Every structure is written in C-alpha cells, then in structure tokens.
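Everything on this sheet refers to the single structure shown next.
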Amino acid sequence: MARNFLVMLGLLAGCYGFNFVLAEFIEVVYVDYINLCGLAIILAVGLNVINGLAGQFSLGHAGFMSVGAFAGAYASIMLTYGVIESGPLSFASMGSFLLCLALSGLSAAAVGALVGAPTLRLKGDYLAIATLGFAEITRIVLTAQDAIGGPTGLKRIPKMPLLPGAEKWDGGTSTFWIYAFVCLVILLSLNLQRSTFGRALICVRENELAAETMGVRAARMKVMAFVYGAFFAGIAGCLYAHYQHSVRPDDFTTVRSIEVVVMLVLGGLGSLTGAVVGAVIVTLMPQFLRPLEEFLNLSGLSMVVYAALLLLMMLFRPQGIFGQRELSLKLLRRLVPGAGRESGP
Amino acid sequence: MSALLQAEQLTMRFGGLTAVKEFSCAIESGELFGLIGPNGAGKTTVFNLLTGVYRPSSGTVTFAQSDITGQPPPVIAARGMSRTFQNIRLFDELSALENVMAGAHLRGHINLFDALLRTGRNAREEKRQRDWAYKLLAFMGLEERAGLAAKHLPYGDRRKLEIARALATEPKLICLDEPAAGMNPSEKQGLAQLIRRIRDQLHVTVLLIEHDMQLVMGLCERIQVLDHGETIACGKPREIQSDARVIEAYLGVADA
C-alpha cells in the first residue's frame, strides 16, 4: 500500500509537469484534445471492468456519467455561489472541488448499484437494452428538472481549482485534474484486475455456473463491477462539467454510451491497455479527420472512415487491438525480436 | 451417528418428465461413494440437486448436520461441498494456476479496498492463494502447466485441473462427475490413484459418477445404481456386480 501511495504521489507530480509542458508549449486546441482523451480514458477504463472483466454488456455509461456530472456541477455551483473564476489555491476551493468529485462519484455509484441489482438476471443483448433504456430515462428525467436548468442544463460551473504556479497558464489546471484521475483509475483498475476480485469477475465472465459452484457470488460481483464502473463514470462526468463550464442533458445521449463501448471493442475487450488506446483513438480520430474532410470538401467523410475502420476491425481482428493482453515487458519482448532472451511458447 | 451428506426422497421434475424420483442416499465422512447408471439415468441431475444448481421439486438435502435444500451454489460451496462438471467448465482464458486460485477465492478474508489499495492483507491473501494453488497443482501432477491458459491444456489435464480447482475451495466432500470420461486406460489408472489419494491424504470424502465399470468397482467402497431416475440397488461393489436388476438394467440382459 505504501508503495502504491508513493507511486500515486509520483504520478501526481508527473501530471503537474505534464500540465506545465502543455500550458507552456502546446497550442490550446491540442491541449483540448488531450484533455478529452483523458476523460475518455476514465470512462473506458471504468466500463472495461463491467464489460471487459465481468463480461456484462452495459450500454448505459452515459447515464452514469450524466448523474455524476449534474450532481457534481450542482453541488459545485451551490458551494461557490456561482463564482466562476477560481482564485489561487485555497483550501476552500480545493476542498469544495474534491467534495463535489466525491459526491458525483458516489451518486453515480449508487445509481450503478440500483441499475446493477435488478438487471442481474439479464444477459447479453437484454442487459444491453435495459442499460440503454436506463441511460435514456436518466437523460429525459434530467431534461425535465427545472432545478438544474431543464434542457439547457447547468451553466456557469466553476473552473477546476488552480494549483500554485499555474496562475498564468491559459488552460488552467484542467489537465492536471483530469490526468490525476486517469492515473488513479488505471492504478486502481490494475490492482483490481490482479487481485482475487479481478479473477472472480473474470470467472463470472468465463463461466457463471462454474464460478457459482466454486463459491463466487456472481450477483455480488456483477453489482460490484457496476458500482466501480459507475463511480468513475460519475467522476468523469463531474470533471467534464467543470471542464466545459456548462453541462446539458443532451451531452449524454446513447451515442456517447456507444462511443465508450466502441473504445473498448477497438482496443480489446478486457484489456486495460486496450481501453486506454481505444479511448485515445476514438477521441482523436474525428478531430484529425475533420481537416481532411474540409480539404476534400466532403462533409461526413469522417463518419464513413470511422465506420469502415470498425468494419475492418471486426473482419480482421475481432478481438480488438490488444485482445485480452496487457502492454507489459513480456509482450514488448515478444514483439521486438532479440530484445530479450525470452520467447513465447 | 449421522452421515456427512444425507439426501432424502429427492425428486426433480422437469415439466412432465421426472428426472429423479425419490432419491435417497447417506454418505459417511471419509467414504469413496460411487453413483452409476446407464445414460440418462439422472446421475448428473442428482449432482445438480446436491450442489444447488437445481432446486428439488421435493425432498431434502442435509450436509454436515445442516439443511441445505434449495440453497444457492455459493452457499453450498462455502459449507464445504465442491464439484466438477461432466462437460468441463474451466475458466478458459485464465491460466491453470489462476483457475485454482479462483477456487481459493472462497476462503479469502479480504475486502475490495484491500485489493484496490494493495494492502498487506491483499499481499498475504495472494500468497496464500498462490501457495495453496501450487500445492494442489503439484498434487494433481500439473505443476508444469501452471502458466498455461486452461483452454490450451490437453483434455486429460483439463479434467485434472477441474479437480484441483474444486479442491481449492477446501471441501469436505467433492463430487466428481465422470472424471475419467475420454481418458485412455493408463490415464484412468493414474486418475484412480489420484482419487484415492484425495480421500487418504487430503481427507476429502468423494462422491463419484463414472461410466467406467472397472474404475468404479475397483475404487468405490459403496455404490448406488440409478435407472430412469430411480435407485435400483445400493451396496458394496461385489453385491452390485451380482445384483440381477443392475445387470439387467445397466449391463443389458445377462448372457443373451
């Protein structure tokens, strides 16, 4: 545990450095891409625990994200009385922001448990439909709430608190906050995956009956997976709301849920590395296809390329880029011949 | 004195079909008990009733002095009954070692936060599971296979791995559903020795479904015979071999 704590501290310092480099040397547009990638990674890595490890086909991630986004944003506005500009680092701003994050994570996790428990008996497509329905219902319910702005949503959401030395940075310290949680979710998911609970989740995926007769409580493991994934979706929602300064129910349509699933399938369902890589590809691809689209004067080209890429993927590598493998020294050795003594069996 | 496992008047109906009718048995602690019968006699259904996969239409199951009728499989596993499957059900993507460790999950005492934060307790639990799993793999003669994915193991090893995984739950009773199916004679010999060692060295009571008569007769101390869901005989191998109803129902009409 102590080692994990030190690793996380190191990663936080790394995030600060990363934020500094971006703020000083990179154009704001690209910094935006990088931040969006970070949010996508948090979503994808969280969903990987539900869809990848536990093998439950959830299509409701946008729903969890929206719950977290509105809970966090609403709390944030209340706590800061609508002051947008965050001043220099203070315990008040930091404390209220962390409180909002915790609140958004916990509220989304609670919803995750609520969704997970009754849908346990559903498998495959049926679970997908139920979770998709949940996400849509959530969006419609949120749209109908005047207290959070109805269809126009919440505006004037405070910025994320600044860190010392960041006063002059254009983009503020969003990158730091987003990537701090990217590191956290990756670290925790890695620990989970390598633990007895990670194996138990995979057992449920591989053979539910065998898992049950070996004493693994499949129902409990599934709810746990939903709670875990929803918690980080909520965090991502809260970060997203603070990053955009505004949030609408329509930010969380089915398209967003599907996008996260596509990230996983592209990277390799069940692989944490795959989730990260998939998230980056799916986030960046439209951004880089857009100039091409404008150059050729073919609007909609990016969607065609996107679909073609997915089709090719299904045909030639249905298990995704990484399959269920993780990026590790062992894999690198195998891919780069002569780099190590070891060779695969 | 009461038996370790006692089934009384277990009946299982699927719609109009009665798969098992009034099945009763009493297995003493430390026994090697065989359950035989022709195809479709209802043997596997009995296993599913005992291990909680099915809820019996009527009847009771008592295990280690407590009523476990209708309890879900994880509860029954926790009470100390484990099993293998006729159609092997391993966790294919996991390695042989991880499969056995998954069986050891049941006796772990850590919570999710220990795992997420990698506490000392988590490290100790991982070590406990790993050591125990290696021990069982060695016991089953699979230590060389520890790192291989279960799906890449040869057939006989897959059967043995399932037994190792079941043993990892630290059962009092292990139910083996046709463990020798598809094995060649020499593999069967080795398996018979292994099953005997499970009872003698690990002190686990064994309930065995098997088609191979030679194996069952040589191994089991008591045998119960099912036909069309009904018990037609129960006794020592010698008695079973000379039972007229068994010969007729199971082996066909004698010397036709």
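Protein sequences appear in the order of chains A and B. The numbering used here puts the first residue of the first sequence at 33, with every later residue one more than the last. The numbering used here puts the first residue of the second sequence at 40, with every later residue one more than the last. From the three backbone atoms N, C-alpha and C, an ideal C-beta is built for every residue, glycine too. What you are looking at is a predicted structure, and each value in this text was computed from that prediction instead of being measured.
Limits of the beta strand (DSSP E) - the one that residue i falls within
| i | result |
| --- | --- |
| residue 261 of chain B | 261-266 |
| residue 266 of chain A | Segment 250-276 is the alpha helix (DSSP H) holding residue 266 of chain A; no beta strand (DSSP E) there. |
| residue 269 of chain B | 269-274 |
| residue 97 of chain B | 97-102 |
| residue 120 of chain B | 120-122 |
| residue 64 of chain A | From DSSP, residue 64 of chain A is part of no beta strand (DSSP E) but of the alpha helix (DSSP H) over 60-79. |
| residue 213 of chain B | 212-216 |
Residue interval of the alpha helix (DSSP H) (run including residue i)
| i | result |
| --- | --- |
| residue 244 of chain B | No alpha helix (DSSP H) contains residue 244 of chain B, which is instead part of the beta strand (DSSP E) from 244-248. |
| residue 295 of chain A | 286-299 |
| residue 44 of chain A | 34-57 |
| residue 97 of chain A | 93-112 |
| residue 227 of chain B | 224-241 |
| residue 196 of chain B | 194-206 |
| residue 282 of chain B | Premise fails: residue 282 of chain B is in no alpha helix (DSSP H) and is neither H nor E. |
| residue 182 of chain B | Taken as a continuous stretch (DSSP letters only), residue 182 of chain B belongs to no alpha helix (DSSP H), as it is neither H nor E. |
| residue 166 of chain A | 156-175 |
| residue 254 of chain B | 252-258 |
Residue i versus the options, residue with shortest Cα-Cα distance
| i | options | result |
| --- | --- | --- |
| residue 114 of chain B | B:245, B:210, B:202 | B:210 |
| residue 256 of chain A | A:229, A:242, A:274, A:344 | A:229 |
| residue 351 of chain A | A:323, A:336, A:302 | A:302 |
| residue 104 of chain B | B:58, B:275, B:119 | B:119 |
| residue 126 of chain A | A:279, A:319, A:194 | A:194 |
| residue 287 of chain A | A:270, A:171, A:63, A:33 | A:171 |
| residue 188 of chain B | B:57, B:133, B:116 | B:133 |
| residue 42 of chain B | B:59, B:51, B:55, B:65 | B:65 |
| residue 305 of chain A | A:353, A:192, A:224, A:105 | A:353 |
| residue 271 of chain A | A:90, A:334, A:75, A:233 | A:75 |
| residue 299 of chain A | A:293, A:309, A:290 | A:309 |
| residue 54 of chain A | A:360, A:183, A:201 | A:201 |
| residue 200 of chain B | B:57, B:142, B:264, B:275 | B:142 |
| residue 60 of chain B | B:97, B:165, B:71 | B:97 |
| residue 234 of chain B | B:51, B:73, B:49 | B:73 |
| residue 87 of chain B | B:166, B:216, B:226, B:236 | B:216 |
| residue 317 of chain A | A:47, A:44, A:69 | A:69 |
| residue 320 of chain A | A:169, A:349, A:66, A:345 | A:66 |
| residue 191 of chain A | A:356, A:139, A:277, A:110 | A:277 |
| residue 51 of chain A | A:83, A:212, A:79 | A:212 |
| residue 314 of chain A | A:292, A:326, A:223 | A:292 |
| residue 224 of chain A | A:38, A:84, A:285 | A:84 |
| residue 80 of chain B | B:69, B:62, B:68, B:67 | B:62 |
Burial state of residue i (16 or more Cβ within 10 Å)
| i | result |
| --- | --- |
| residue 266 of chain B | buried |
| residue 94 of chain A | buried |
| residue 56 of chain A | exposed |
| residue 180 of chain B | exposed |
| residue 251 of chain B | buried |
| residue 386 of chain A | This structure cannot speak to residue 386 of chain A, because chain A is shown only from 33 to 377. |
| residue 293 of chain B | For residue 293 of chain B, the pLDDT reaches just 49, beneath the cut-off of 50, and the residue's location in the model is therefore unreliable, leaving the point undetermined. |
| residue 185 of chain A | buried |
| residue 44 of chain B | buried |
| residue 371 of chain A | Here residue 371 of chain A scores only 44 on pLDDT, less than 50, and its place in the model should not be relied on; the value that follows carries that caveat. By the 10 Å Cβ count, residue 371 of chain A comes out exposed. |
| residue 236 of chain A | buried |
| residue 157 of chain B | buried |
| residue 281 of chain B | exposed |
| residue 18 of chain B | Outside the modelled stretch of chain B, which goes from 40 to 295, sits residue 18 of chain B, for which no answer is possible. |
| residue 221 of chain A | buried |
| residue 169 of chain A | exposed |
| residue 232 of chain B | exposed |
| residue 53 of chain B | exposed |
| residue 193 of chain B | exposed |
| residue 196 of chain B | buried |
Q: Kindly provide the ranges of any beta strand (DSSP E) runs that are 3 or more residues long and lie completely inside the stretch 42-95 of chain B, ordered along the chain.
A: 44-53, 56-66, 71-75
(Q) At 4 residues or longer, what runs of the alpha helix (DSSP H) sit wholly inside the stretch 205-245 of chain A? (A) 206-225, 228-238, 240-245
Q) Does the stretch 197-216 of chain B touch the stretch 238-250 of chain B, meaning 3 or more C-beta pairs lie closer than 8 Å? A) yes
Q. Which parts of the stretch 305-363 of chain A are runs of the alpha helix (DSSP H), unbroken and 4 residues or longer, counting only runs that do not cross its ends?
A. 333-348
Q) Should the stretch 147-156 of chain B be regarded as contacting the stretch 88-96 of chain B, the criterion being three or more beta carbon pairs within less than 8 Å? A) no
Q.
Across the stretch 257-275 of chain A and the stretch 117-136 of chain B, are there enough close Cβ pairs to call them in contact, namely three or more that are closer than 8 Å?
A. no
Q) What runs of the alpha helix (DSSP H), each 4 residues or longer, lie entirely inside the stretch 141-175 of chain B? A) 151-156
Q: Decide if the stretch 152-162 of chain A is in contact with the stretch 63-81 of chain A; the criterion is three or more beta carbon pairs, one per stretch, under 8 Å apart.
A: no
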